[in-house]
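Take a look at the structure set out below.
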Amino acid sequence: MTPVLLLQRVGHLVPVLLGVTVIVFLMMSLTPGDPAEIMLANQNATPAQVAMLRHDMGLDRPLMERFVSFVGHALQGDFGQSLFHRRPVATVIMERLPATIELSVAAMAFALLVSIPLGVMAAVYRGGVLDRLATVGALLGVSLPGFWFGILMLIGFAVNLRWLPVSGAIDFAAQPPGITGLMVVDSMLALRGDSLMNALAHLVLPAITLGLPMAAILMRVTRASMLEVLRQDYITFAEAKGLGRGRIIALHALKNGLLPTVTVAAMETGSLLGGNMVVETVFGWPGLGRLVVESIFVRNYPLVQAAVLLYAVTYVVVNFLADLLYTVLNPRVRM
Amino acid sequence: MTEPLLAINDLRVAFATPHGLVRAVDGVSLDVRPGECLGVVGESGSGKSVTFAAVMGLIRPPGRIESGSIRFDGRELVGLDRVDYRSLRGRDIAMTLQDALTSLNPALTVGTQITEVLLAHAEDLPSGRHARHREARARAIEMMHLVGIPAAEHRLGDYPHQFSGGMRQRMMIAIALSCRPRLLIADEPTTALDVTIQAQVLELIAGIRATLGMSVALITHDLGVVAEYCDRVAVLYAGQIVESGPTASVIGAPRHPYTAGLLASVPMLSNLDRRIRPIDGQVPGLVDLPPGCRFLPRCPHAAPVCVSTIAMRALEHDRAVRCVR
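Order-wise, the sequence lines are chains C and H. Residue numbers for the first sequence, in the numbering used here: 636 to 970. Residue numbers for the second sequence, in the numbering used here: 1003 to 1327.
Next up, the structure:
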């Protein structure tokens, strides 16, 4: 793809993101409940005081004016004050974001590393033992609720067997100096093996719990797609050319068979972001998901608004990257 | 008579289906001699493609070679182990499929798809990764020139969808021939092409056959193609060979009613007044066939004796027919 086309594609993101912003803003504005009244609840505030707070927060201005001001500030990274923390929303989110990125990347890596080889093998040895096990496993992975599976894992591996820690992202004593906020990366940067092992041990259970439904879906997608591809004439022709089985599967079949996997993986980041809230709550993970859940309970609207916007932007950007990857895999797609 | 390059003897290939065992190839025997072009003619489902898939070792479950022998250059191929088969395919026996659009991998450049055959098979490539690839590339370009792809060196990086239909077919032929095989199996090479391109591709195969001195098994349902390009012809019907012999002699004086019926259904410019006569009826299903002539229900010359098993019968001039008449 030429740089000009790439820029055009990036340009297409602008209206999408603007639309997302409008929806997020409207959703928050139309939700019943007045933030000013909630902030002043149980403080015996007079109507005049409530009105004053509303004026301070800009809530008495017309919707359109508030939207323009919201977008203007958001573009400068200013999402207002977190009502609960009494600090800027952006600061609070940035503190929690690295932990969530670390968990999501680990979950995504787990899902891809498990699902793609398993899906390929299940398709190649269709009807075999591995295929049946994987199919049953995938059905379980899709059907088990994440919070329940997470608690089971906790009881089994953390409480009873004591192999892995129960909650948190790292033990206090093992904490490396904060550079990126990603515990695994910081441990490596600080050249501390003990920190790295500690961080990885904390990461295992939440990452598996979060990645399992995604792994199950991607396994099924990869298997179905590979079965389809292995029936194609170009696979027969590759066999007629006398190529090795490994090359036929890993190059000829997989390059075509991965297309649906890439698409679905990008779409599944949506459920990954949603799953974060559940998994972070179950495992006491100090990330954004848990912060959002807590903020919803205390009606901390500015923070929820910013977080939802961040989730939406992430989703759009991930799908954009998947489109780019798609053109690498499938040369017929021209953007 | 010279020793055949490929000798298929009493081959039986069956597929297990929910409706029962389908014997797609039922006792086929045929030879391809060095340097000759054998036409293999039959309708869809006559077993012509399955026969040659068996030669390539590409019969997959639920299909199975039940019995018979396939000898290539004196070597038995039925039961050959996978590694030996792999080194044979693409190097000594090559195959092109019907539709180049679906036979070339859409996700790989044609350069990758042609050089990988050379890298897999050619023993005389120089050692050293870089030199090997450079030499494979040079030979790929040479073969692309041979099949008439213009500016071959600039097209190696292109993907199949960037080629026209005729050029794709040429590309598939170039890939199949890249290791200069001794036998080319061309499975319906013209079916997916425009009429104008068909002749070009057939001329190309004929020309390369002469240049490389290879044998060709041309699978087709078009007797006109056979008449033009093949030395000998074998006619298949419902999994059996019903007639074989030198092309001119078979087409000039067919001995099997099916061959005669096929010829009568081909339109000819030389005789525009003649009505085209299609063969009545349909090819029988291949499950639970009764013994006796399989063409019997459609045969204009049916006789009581035709319900018993009819064997192939050798005639004069290298011909054979499965008919009592």
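A virtual CB, placed ideally from N, CA and C, is assigned to each residue, including glycine. Computed from a predicted structure; not experimentally measured.
Exercise for the section: Report yes or no: is there a C-beta of chain C within less than 7 Å of the C-beta of F1091 of chain H? Expected result: Per the sequence shown, residue 1091 of chain H should be read as Arg rather than Phe. Yes, because at least one Cβ of chain C sits closer than 7 Å to the Cβ of R1091 of chain H.
Handout entry: Cut-off 6 Å between Cβ atoms - residues of its own chain near M674 of chain C, not counting five sequence neighbours on either side
Key = L718
Problem - Cβ neighbours of I1281 of chain H in the same chain (closer than 7 Å, five flanking residues each side left out) - result: G1263, S1267, R1300
Exercise for the section: Report yes if the C-beta distance between V1024 of chain H and V1309 of chain H is below 7 Å; otherwise report no. Expected result: no
Problem - Rounded distance between the beta-carbons of S1246 of chain H and A1236 of chain H, thought under 8 Å - result: 4 Å
Exercise for the section: Can you tell me which of the three DSSP states S1041 of chain H falls into? Expected result: The residue asked about is misnamed: residue 1041 of chain H is Gly in this sequence, not Ser. G1041 of chain H: strand per DSSP, three-state reduction.
Problem - Residue closest to L1110 of chain H, alpha-carbon to alpha-carbon, out of C:S906, C:A888, C:L959 - result: C:A888
Problem - Straight-line Cα distance separating I736 of chain C from V755 of chain C - result: 28 Å
Practice task
Look at the Cβ atom of L886 of chain C, then the Cβ atom of A758 of chain C, and state whether they are nearer than 7 Å.
Solution key: no
Exercise for the section: Could you tell me whether the Cβ of D766 of chain C comes closer than 7 Å to any Cβ of chain H? Expected result: no
Practice task
Taking all protein chains shown into account, decide if F705 of chain C is buried (16 or more other Cβ within 10 angstroms of its Cβ) or exposed.
Solution key: buried
Problem - Where R1091 of chain H falls: helix, strand or coil (DSSP) - result: strand
Exercise for the section: Taking D868 of chain C as the query, report the chain H residues whose CB atoms sit under 7 Å from its CB, ordered along the chain. Expected result: L1099, D1101, T1104, S1105
Problem - Length-filtered (4 minimum) alpha helix (DSSP H) runs lying within the segment 680-746 of chain C - result: 682-692, 698-710
Practice task
Express the C-alpha separation of R1091 of chain H and E1038 of chain H in angstroms, rounding to a whole number.
Solution key: 20 Å
Problem - M1216 of chain H to I1143 of chain H span [Cα, whole Å] - result: 20 Å
Problem - Within chain C, the residues that V1119 of chain H reaches when beta carbons sit closer than 8 Å - result: K876, G877, L878
Exercise for the section: Drop a sphere of 10 angstroms on the beta-carbon of T1278 of chain H, count the other beta-carbons inside from all chains shown, and report buried for 16 or more, exposed for fewer. Expected result: Correcting the residue type first, residue 1278 of chain H is Ile in the shown sequence and not Thr. Its Cβ having fewer than 16 others within 10 Å, I1278 of chain H is exposed.
Exercise for the section: Would you check if the segment 827-847 of chain C and the segment 809-818 of chain C touch, i.e. whether three or more CB-CB distances between them fall below 8 Å? Expected result: yes
Problem - Segment limits, beta strand (DSSP E) that includes T945 of chain C - result: A small correction: the amino acid at residue 945 of chain C is Leu; Thr does not occupy that position in the sequence shown. That residue, L945 of chain C, is in no beta strand (DSSP E); its alpha helix (DSSP H) goes 936-964.
Problem - Contacting residues, own chain, Cβ-Cβ under 6 Å from A1052 of chain H (five flanking each side not counted) - result: Looking at the sequence shown, residue 1052 of chain H is not Ala but Val. Within the same chain, V1052 of chain H has close Cβ partners V1015, A1026, V1027.
Exercise for the section: Answer with buried or exposed for R1131 of chain H, where buried requires no fewer than 16 other C-beta atoms within 10 angstroms of its C-beta. Expected result: exposed
Handout entry: E1078 of chain H - partner residues in DSSP beta bridges
Key = H:R1073
Problem - Proximal residues of chain C, C-beta to C-beta of H1163 of chain H below 7 Å - result: R967
Handout entry: Closest Cα partner of M912 of chain C within the set C:A850, C:L938, C:L845
Key = C:L845
Exercise for the section: Give the straight-line distance between the Cα atoms of S1069 of chain H and H1223 of chain H, rounded to the nearest whole angstrom. Expected result: 26 Å
Practice task
Taking only beta carbons into account, state which residues of the segment 887-898 of chain C come closer than 8 Å to chain H, listed in chain order.
Solution key: H887, K890, N891
Exercise for the section: May I ask you to list, following chain order, the residues of the segment 939-968 of chain C that have a beta carbon less than 9 Å from some beta carbon of chain H? Expected result: L964, N965, P966, R967
Practice task
Give me the Cα-Cα distance between M729 of chain C and L641 of chain C, rounded to the nearest whole angstrom.
Solution key: 29 Å
Exercise for the section: Could you tell me the distance, in whole angstroms, from the CA atom of M662 of chain C to the CA atom of R855 of chain C? Expected result: 35 Å
Practice task
From the DSSP output, in three-state form, read off Q1202 of chain H for me.
Solution key: helix
Practice task
Following the continuous beta strand (DSSP E) through G924 of chain C, name the residue where it begins and the one where it ends.
Solution key: Here G924 of chain C belongs to no beta strand (DSSP E); instead the alpha helix (DSSP H) covers 923-932.
Exercise for the section: Provide the residue(s) that pair with I1010 of chain H in DSSP beta bridges, ordered along the chain. Expected result: H:L1032, H:I1072
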